[in-house]
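Encoded as structure tokens, the structure appears first; notes follow it.
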Amino acid sequence: MTIQAAQFAAPGVPAEVLQVRDLPQPQPGPGEVLVRMRVSPVNPSDMMFIRGQYTLQASCPAVPGFEGVGVVVASGGGLRGRLFIGRRVVVLNPRGGNWAEYAVVPATNVIPISSTLSDQQAATFFVNPATAWVMTREVLKVPAGQWLVQTAAASALGRMVVRLGRICGFRTFCVVRRAGQADELKALGADHVEVCADEASVRELTNRIFNVTGQGGARFAIDAVGGPLGSAVVSSLGRNGRMLAYGTLSGQPLSFHPRTLMTVGSSVEGFWLGNFMAEKSLFFRLSLVRRLTNLIRSGVLHTDIAGEWGLNDVRAAVLAAEDSSVRGKCLLRIS
Ligand SMILES: NC(=O)c1ccc[n+]([C@@H]2O[C@H](COP(=O)([O-])OP(=O)(O)OC[C@H]3O[C@@H](n4cnc5c(N)ncnc54)[C@H](OP(=O)(O)O)[C@@H]3O)[C@@H](O)[C@H]2O)c1
10 MTIQAAQFAA PGVPAEVLQV RDLPQPQPGP GEVLVRMRVS PVNPSDMMFI RGQYTLQASC
70 PAVPGFEGVG VVVASGGGLR GRLFIGRRVV VLNPRGGNWA EYAVVPATNV IPISSTLSDQ
130 QAATFFVNPA TAWVMTREVL KVPAGQWLVQ TAAASALGRM VVRLGRICGF RTFCVVRRAG
190 QADELKALGA DHVEVCADEA SVRELTNRIF NVTGQGGARF AIDAVGGPLG SAVVSSLGRN
250 GRMLAYGTLS GQPLSFHPRT LMTVGSSVEG FWLGNFMAEK SLFFRLSLVR RLTNLIRSGV
310 LHTDIAGEWG LNDVRAAVLA AEDSSVRGKC LLRIS
């Protein structure tokens, strides 16, 4: 039996290298499950994977897709897998492979999902919501009343952080690159929005953070951009300030003089959700899933959706995902 999948034969521009192909249906091995995929998002990590710019290098030909939702239809053996047959599950596929009618993943990588969440919210259930929660509440533990500086604040994840700020009481200094995003983020509850659309405004960013937060520099920051923008945020860190570097959207390195950190005792730490979760107990994971379900249902960690594209329109989906005028997450509707 064959299945349809979006595949690329070599890394490159996603809209050029992706092709829909007939592939043999994968079979689950011991401890694995076979999932009939329903919906999978187009995330920045998928785009970097296809371009060959991600931490994980594709073994080509490769099928992208790290996240999504589907229904378990078979198990390769093991109690956990058998228990999940027939259940709708969130599918976390660390090797990629969800942009296909069927995917095989370890049974430990699927999460049964509440029927109260739509396929769209289930498809985007974990990666961004968990990262937004964990960075702000578990790692930085930003206290109420304190400022958190964040770049790429208009991203799906950035919007979640703004809404978390509202319910947890911390203040958000949001950096975006387009003026039109300022009003949207303020309406969501951002306390300050700084538009950095050119080199001059990036050079001014450090001073702007000092002026607005008014406390001798930022105590907490998260950066998904890197390059001159992320580096300007590093320079804004005050005494014992901490910045989590969690994305590489500009493709450029952070660059700063060691003295920037030395004189105030500030630090820059890498954050990777997979590494964080790998060290956590089953109890922590289960309570996180329960918390995320409630926060998505209440709208705090909800993902705005731009639209759905069929698997055959995967090239249009990836073009839309990289189009700045398209607002919200682009989803592949697979079945
Ligand atoms: N470390 C982890 O464990 C982890 C987990 C989840 C997500 N992430 C990262 O979190 C980031 C956000 O993910 P998402 O799914 O929320 O993204 P998204 O919704 O696709 O949004 C991406 C945003 O980044 C902005 N952007 C893109 N390139 C930029 C650049 N060069 N300079 C400034 N802004 C830029 C875009 O701005 P426009 O709106 O102007 O186009 C857009 O608002 C990504 O880098 C992703 O890889 C990391």
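Residue numbers for the sequence shown follow my numbering, beginning at 10 and rising by one.
Don't be surprised by glycine CBs; every beta carbon is placed ideally from N, CA and C.
Bear in mind the structure is a predicted one, so any value in this text is a computation, not a measurement.
Given residue i, which residues of its chain have a CB within under 7 Å of its CB, disregarding the five upstream and five downstream residues?
i	result
Thr215	Ala241, Ser244, Ser245
Thr257	Gly235
Thr160	Val184, Asp232, Ala233, Val234, Leu238, Gly239, Val242
Ala139	Leu282, Leu297, Leu301
Asp322	none
Gly337	Asp313, Ile314, Ala315
Asp365	The requested residue 365 does not occur in the structure, where the chain is confined to residues 10 to 344.
Ala24	Arg324, Val327, Leu328
Going along the chain, which residues of its own chain have a beta-carbon closer than 6 Å to the beta-carbon of residue i, five neighbours each way excluded?
i	result
Ser259	Val234, Gly235, Gly236
Arg180	Trp156, Asp200
Gln130	Ile305
Gly178	Ala153
Val335	Ala315, Ala329
Ser275	Leu246, Gly250
Arg212	none
Val151	Thr145, Leu157, Phe179, Phe229
Ser123	Thr302
Count the other C-beta atoms from every protein chain shown that fall within 10 angstroms of the C-beta of residue i, then say buried if there are 16 or more, exposed otherwise.
i	result
Ala230	buried
Leu149	buried
Gln190	buried
Lys289	exposed
Ala209	exposed
Met57	buried
Pro73	buried
Gly79	buried
Arg89	exposed
Ile218	buried
Met46	buried
Arg268	exposed
Phe182	buried
Leu27	buried
Leu253	buried
Just to confirm my understanding: we take residue i, look at its own chain, exclude 5 residues before and 5 after, and list those with CB closer than 8 Å. What are they?
i	result
Lys7	Residue numbering for the chain in the displayed model covers 10 to 344; residue 7 lies beyond these limits and cannot be assessed.
Ala141	Leu166, Met169, Val170, Leu173, Leu310
Val114	Glu41, Val42, Val44, Val100, Leu101, Asn102, Gly106
Pro262	Gly235, Gly236
Trp318	Ala325, Ala326, Ala329, Cys339, Leu340, Leu341, Arg342
Leu126	Phe134, Thr302, Ile305, Arg306
Let's see if you can read the secondary structure: which residues bound the alpha helix (DSSP H) around residue i?
i	result
Asn284	282-287
Asp232	Looking at the DSSP string, Asp232 is not in any alpha helix (DSSP H); the run it does join, the beta strand (DSSP E), is 227-232.
Arg299	291-306
For the beta strand (DSSP E) that contains residue i, what are its first and last residues?
i	result
Ile343	Here Ile343 belongs to no beta strand (DSSP E), and DSSP marks it neither H nor E.
Glu110	Looking at the DSSP string, Glu110 is not in any beta strand (DSSP E), and its letter there is neither H nor E.
Glu278	276-279
Met46	41-50
Ile120	119-121
Arg97	97-100
Leu157	156-159
Val26	First-last for Val26: 23-26, but that is the alpha helix (DSSP H), not the beta strand (DSSP E).
query: Just checking, does the segment 66-78 make contact with the segment 17-36 on the three C-beta pairs under 8 Å criterion?
result: yes
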